[in-house]
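A.B. asks: Residue numbers (my numbering), protein chains in the order written: chain E, 15 to 129; chain W, 91 to 199.
Glycine residues also receive a C-beta, built at the ideal position from the N, C-alpha and C atoms.
Small disclaimer: the values here were computed from a predicted structure and weren't measured.
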């Protein structure tokens, strides 16, 4: 079965640079979520999109922005990178099912290292 | 989202059933119980979810108490590949996941 695709898998950037992470959801999934997982921490929700509109926002820094495109893929743009942005970034996708679920399926993640 | 409480760690013998408890005493009527697991640095993996009835799929069984204040995830025959952090999350449908401190399960040969 098709899974969530994330690219790149690994990214090394220097402080103050920019980075763009991409997420390709499972076909026919209409919702994308982004999560950040710092070293030794649990995943934390950043932002989500439903049908190309932002649906929810978590603890996402103002330096980060994201969008979902007409083909449902999503990009997370990160500017003025800081050392503390080094983390695993996961994308998850789901299909809205009314009141009965919407389980999320996660990609393999992008490991961002800021030096 | 309702807060959940899980034991920090648990050991299990290979081939035996693993029973993972979760307390969610403040769960609301429209919140589901979801279980995910994360094998070292991989993307979290969906296991199972339920509202009030017990559920079973190819990976696990979910037992929810009648008052819905607690639940148990059962891995029927644990293997070494089941070693992971297991997260119990309560949420309304189609909403973000709030990961708390899960249970680190170590399956031993």
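Give me the chain E residues within the contact set of residue 93 of chain W, using Cβ-Cβ distance strictly less than 8 Å, ordered along the chain.
C.D. replies: Residues of chain E with a Cβ closer than 8 Å to the Cβ of residue 93 of chain W do not exist; the shortest Cβ-Cβ separation is about 14 Å.
A.B. asks: Should residue 122 of chain E and residue 58 of chain E be called a contact, given that it needs their Cβ atoms to be closer than 8 Å?
C.D. replies: no
A.B. asks: Measuring CB atoms only, is the segment 93-105 of chain W touching the segment 79-95 of chain E, in the sense that at least three cross pairs come out at less than 8 Å?
C.D. replies: no
A.B. asks: Looking at residue 122 of chain W and residue 110 of chain W, is the spacing between their C-beta atoms short of 8 Å?
C.D. replies: Taking 8 Å as the Cβ cut-off, residue 110 of chain W and residue 122 of chain W do not qualify as a contacting pair.
A.B. asks: Reducing DSSP to helix, strand and coil, say where residue 133 of chain W ends up.
C.D. replies: coil
A.B. asks: With C-beta atoms as the reference, is residue 117 of chain E less than 8 Å away from residue 139 of chain W?
C.D. replies: yes
A.B. asks: Residue 59 of chain E versus chain W: which residues are under 9 Å apart at the beta carbon?
C.D. replies: 186, 187, 188, 189
A.B. asks: Is the distance from the Cβ of residue 93 of chain E to the Cβ of residue 109 of chain E below 8 Å?
C.D. replies: no
A.B. asks: Quick check: is the beta carbon of residue 52 of chain E nearer than 8 Å to any beta carbon in chain W?
C.D. replies: no
A.B. asks: Would you verify that the beta carbon of residue 25 of chain E is, or is not, closer than 8 Å to some beta carbon of chain W?
C.D. replies: no
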